[in-house]
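Only one structure is covered here, and it is reproduced in the block below.
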Amino acid sequence: MAGTMIVVGLTIAAAGYAGRYALQAMKQMEPQMKQTLQSLPKTAFSGYYRGGFESKMNKREAALILGVSPTANKAKIREAHRRIMLLNHPDKGWPNLLPRSTRVAWSIIESN
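Note that the sequence shown covers residues 1 to 112 in UniProt numbering.
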């Protein structure tokens, strides 16, 4: 019984010292972490479209949704539409909004 109490006490003390060490290390690393977090949006998400979309979809927005050039040929457009629909099909549990906007984008590019 006494041996168990000693082990429990030592474990709690070790956890306390480890926590104290971790907090001190975090305080020293705080400026580096802030700098890293501020640089993330510039590097990690720079390849994504940052603007909003118009109320009525145009050809440029349709091309952005499909991930093709607005002047892409029909085969490339068809392949991009097929790839997106297979990945985001409602039968796989995805909401219906993404396939619907993908179909609208495909029809806008195909009609022009």
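The C-beta atom is built at its ideal place from N, Cα and C for all residues, glycine as well.
Is the beta carbon of L66 closer than 8 Å to that of H81? Yes; because the gap between Cβ atoms is below 8 Å, this pair is in contact.
On the criterion of 16 or more Cβ atoms from any shown chain inside 10 Å, does T36 qualify as buried, or is it exposed? Exposed, by the Cβ-count rule.
Own chain partners of P70 with C-beta closer than 6 Å, once the 5 adjacent residues on each side are dropped: Contacts found: K59, R60 and A63.
Spatial neighbours of S101 within its chain, please: C-beta separation below 7 Å, excluding the five flanking residues on both sides. These residues qualify, in order along the chain: I65.
Taking P90 as part of the alpha helix (DSSP H), name the residues at either end of that continuous run. Bounds of any alpha helix (DSSP H) do not take in P90, whose DSSP letter is neither H nor E.
Which of the three DSSP states is assigned to V69 in this structure? The sequence given here has Ser at residue 69, not Val. Coil, per DSSP.
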